[in-house]
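Report on the following structure.
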Amino acid sequence: MKIKDFVFASRVSEACSLIREIGDSSYLIAGGTSTFFVSSKNSKVAIDINRIPIKGISKNNDIFKIGAGTTINDILKYKASGWVLDRVALRHVNQQVRNISTIGGNIARVFYWSDFPVALRVLEGTIKLSGISSKTVKISEAFHNSTVHKDVFKGSLLEYIEIPEIKKGMGFGYTKESRTSEAFSAATAAAFVKVDDGIISDARVAIGAVLPFPVRLFDIEEELKGTKAESLIIRDLNFDRLNKYSLLPREGMSMDYCKHLLRVKISDAICDALKEAMGGCND
Amino acid sequence: MIKKKISFTLNGELKEFEINPNERLLTLLRRNGYKGTKYGCLEGTCGTCTVIMDGKAVDSCIVFAFQADERVIETIEGVGAGNEPHEIQKALIDEGAVQCGYCTPGMVLSAKAMFDENPTPSEDYIKVQMDGNFCRCTGYEKIWSAMKKLSVSHKLR
Ligand SMILES: Cc1cc2nc3c(=O)[nH]c(=O)nc-3n(C[C@H](O)[C@H](O)[C@H](O)COP(=O)(O)OP(=O)(O)OC[C@H]3O[C@@H](n4cnc5c(N)ncnc54)[C@H](O)[C@@H]3O)c2cc1C
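Note that the protein sequences, when read in sequence, are chains A and B.
Each residue of the first sequence is one higher than the one before, starting from 9 at the first, in the working numbering.
Each residue of the second sequence is one higher than the one before, starting from 4 at the first, in the working numbering.
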């Protein structure tokens with residue numbers, strides 16, 4: 009993608025006016041690291057949004073508020089009880105890319121390999137966008153599928169993301185398989201579980217990288233709910249359900265290998281989440 | 004293609020540059036004589052073009068030149084001097100951690116950003132902070148060892 013001109017925005021309202029003014033040839037630049045992977049026939053006018061104060065992480069009651077301009081490295085370094093996105097950030101490329109790329113850029117345009125959308129799909133919460141109108145949208149709605157996602161983000165500036173903290177009795181697991189630490193994911197899985205009296209009362213599982221857009225595995229979630237919270241349960245999960253997705257094996261993998269890898273990654277994510285929910289440390 | 008002016012602090016001096024909007028920081032620096040910033044993969048993987056932007060190590064090959072406007076940039080030309088190397092450069096020399104030397108400027112800048120933030124990093128911390136710099140000669144052990152020695156020496160405190 010080529011940039012033919014650039015402008016700077018210092019406030020949300022200024023960025024929104026610029027998006028309207030410049031129209032289809034505008035391209036918001038946070039870290040700008042996506043521009044290698046976006047092809048466009050026409051060159052774009054970059055709206056640099058780095059000067060807008062939408063950076064940083066805060067916690068209010070049980071909710072984390074993450075500014076869209078927060079870098080992946082700041083997500084990695086942030087420490088607070090119930091904070092789990094550092095585990096996703098640690099697997100993100102390398103120090104130099106983590107220092108410049110932002111969570112907003114990672115979720116506003118979803119590539120098959122995008123790390124954070126898979127995690128956010130199981131953590132739930134909301135996103136706040138400004139544009140023609142201001143809106144707060146549930147992550148489950150905004151990330152329902154790629155068409156809905158594009159519509160939600162079109163012409164809008166993402167201001168922040170809010171996710172609930174992981175409390176006692178809850179657990180989160182995130183697994184990503186890549187050929188090297190710098191390579192894009194070949195299979196990503198994330199899981200959230202809530203355990204009450206030794207029984208899984210809530211479960212969310214999502215996969216990415218093997219599909220153009222991350223999906224929630226509602227069947228597997230239903231299977232998990234109501235069962236005893238022990239890692240052995242993953243032996244009985246019906247992974248044949250993955251057959252209904254048109255999986256896209258990466259890195260020259262066969263379809264069989266891809267399914268096997270996915271099964272391992274999903275199982276690991278669920279086990280990690282269960283371990284944390286049962287009181288083990290999962291760092 | 005239009006040309007535009009930007010300015011930023013480069014190695015402690017405020018400078019103005021005329022740029023092409025599509026230009027990356029790497030090419031801007033090199034065509035202005037800062038050739039210690041090396042061409043490598045040109046896609047944000049190898050780290051040989053690393054510079055420090057507002058205190059953080061970044062790959063100048065993936066940063067647009069305009070993104071440097073009003074920021075503070077440090078290149079290898081601003082770190083130490085031939086007859087007076089920086090402590091990081093001394094540590095790498097003492098440990099024999101330099102072979103062909105192509106990755107070294109980027110390696111030094113990633114290390115500098117790390118030590119500026121944390122003068123006594125642990126081994127694990129060093130490995131995470133240096134994970135974006137490839138070296139095809141040394142096998143990394145001597146580089147990490149130089150960093151570890153520098154960390155325990157407390158010279159950068
Ligand atoms: C070498 C390399 C390896 C990579 N590997 C990975 C990887 O393993 N996993 C991964 O997930 N990503 C990877 N990426 C992609 C990229 O680093 C991430 O997606 C990054 O988080 C994007 O953030 P950014 O700030 O650079 O986004 P930008 O490039 O600035 O923006 C990305 C998109 O989001 C839009 N946007 C940005 N901010 C906002 C906002 N606040 N509101 C609305 N729209 C916005 C932009 O207009 C653009 O369409 C890699 C990139 C490189 C260069």
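Even for Gly, the Cβ is constructed at its ideal location relative to N, Cα and C.
Predicted model only: the values in this text are computed from it and were never measured.
- The DSSP-derived three-state label of residue 70/A is coil.
- Between residue 231/A and residue 246/A, the beta carbon gap of about 7 Å places them in contact (Cβ cut-off 8 Å).
- With contacts defined as CB atoms closer than 7 Å, residue 229/A and residue 243/A fail to qualify as a contacting pair.
- What residue 67/B touches in chain A, judged by beta-carbon distance under 9 Å, is 11, 14, 37, 40, 43, 54 and 56, going in chain order.
- The beta carbon of residue 83/A sits no closer than 7 Å to any beta carbon of chain B.
- Judged by DSSP secondary structure, residue 113/A falls within the alpha helix (DSSP H) whose first and last residues are 111–116.
- Of the residues 17/B, 19/B and 110/B, the one whose Cα lies closest to the Cα of residue 139/B is 110/B.
- Beta-bridge annotation (DSSP): residue 4/B is not paired with any residue.
- Take the alpha-carbon of residue 178/A and the one of residue 226/A: they are about 18 Å apart.
- Remark: C-beta atoms of residue 192/A and residue 121/A approach each other more closely than 7 Å.
- Taking residue 109/A as the centre and dropping the five residues before and after it, the same chain places the C-beta of 39, 41 and 80 closer than 6 Å to its C-beta, in chain order.
- In the three-state scheme derived from DSSP, where H, G and I count as helix and E and B as strand, residue 265/A is classed as helix.
- Residue state for residue 172/A is assigned as strand, using DSSP reduced to three classes.
- Leaving aside the five residues that flank residue 81/B on each side, the residues in its chain whose CB is nearer than 6 Å to its CB run, in chain order, 14.
- Residue state for residue 98/B is assigned as helix, using DSSP reduced to three classes.
- The alpha carbon of residue 216/A has as its nearest neighbour, out of 68/A, 72/A and 119/A, the alpha carbon of 119/A.
- Looking at the DSSP output, residue 36/A shares a beta bridge with 55/A.
- In this structure, the alpha-carbon of residue 287/A lies about 8 Å from that of residue 176/A.
- In terms of beta-carbon proximity, residue 88/B stays away from the interface with chain A, with every pair separated by 7 Å or more.
- At a cut-off of 6 Å, the beta-carbon of residue 72/A does not count as near ligand 1: no heavy atom of the ligand is closer than that.
- Across the set 237/A, 77/A, 235/A and 159/A, the C-alpha of 77/A shows the shortest separation from the C-alpha of residue 63/A.
- Contact between the region 120–128 of chain B and the region 88–96 of chain B is absent: fewer than 3 CB-CB pairs across the two stretches fall below 8 Å.
- Interface flag for residue 278/A against chain B is unset, since no Cβ pair is found closer than 7 Å.
- Cβ atoms of residue 237/A and residue 207/A come within 8 Å of each other, at about 6 Å.
- Counting only unbroken stretches of 3 or more residues, the beta strand (DSSP E) elements lying wholly within the region 134–169 of chain A are 134–138 and 143–146, in sequence order.
- For the C-beta of residue 190/A, the chain B residues within less than 7 Å are, from N- to C-terminus, 48.
- Taking a Cβ-Cβ cut-off of 8 Å, the neighbours of residue 53/B in chain A comprise 104, given in sequence order.
- Remark: the shortest separation between the CB of residue 192/A and any heavy atom of ligand 1 falls under 6 Å.
- Not a single CB atom of chain A sits nearer than 7 Å to the CB of residue 108/B.
- For residue 152/B, the enclosing alpha helix (DSSP H) starts and ends at 144–156.
- Counting along the chain, no alpha helix (DSSP H) covers residue 212/A; the unbroken beta strand (DSSP E) around it starts and ends at 207–216.
- For residue 248/A, the secondary structure class from DSSP, reduced to helix, strand or coil, is helix.
- If you check the CB distance, residue 163/A and residue 27/A come in under 7 Å.
- The beta carbon of residue 108/A sits closer than 7 Å to some beta carbon of chain B.
- When Cβ pairs closer than 8 Å are counted between the two stretches, the region 135–145 of chain A is seen not to touch the region 180–200 of chain A, the count staying below three.
- For the pair residue 101/B and residue 76/B, the CB atoms are not nearer than the 7 Å cut-off.
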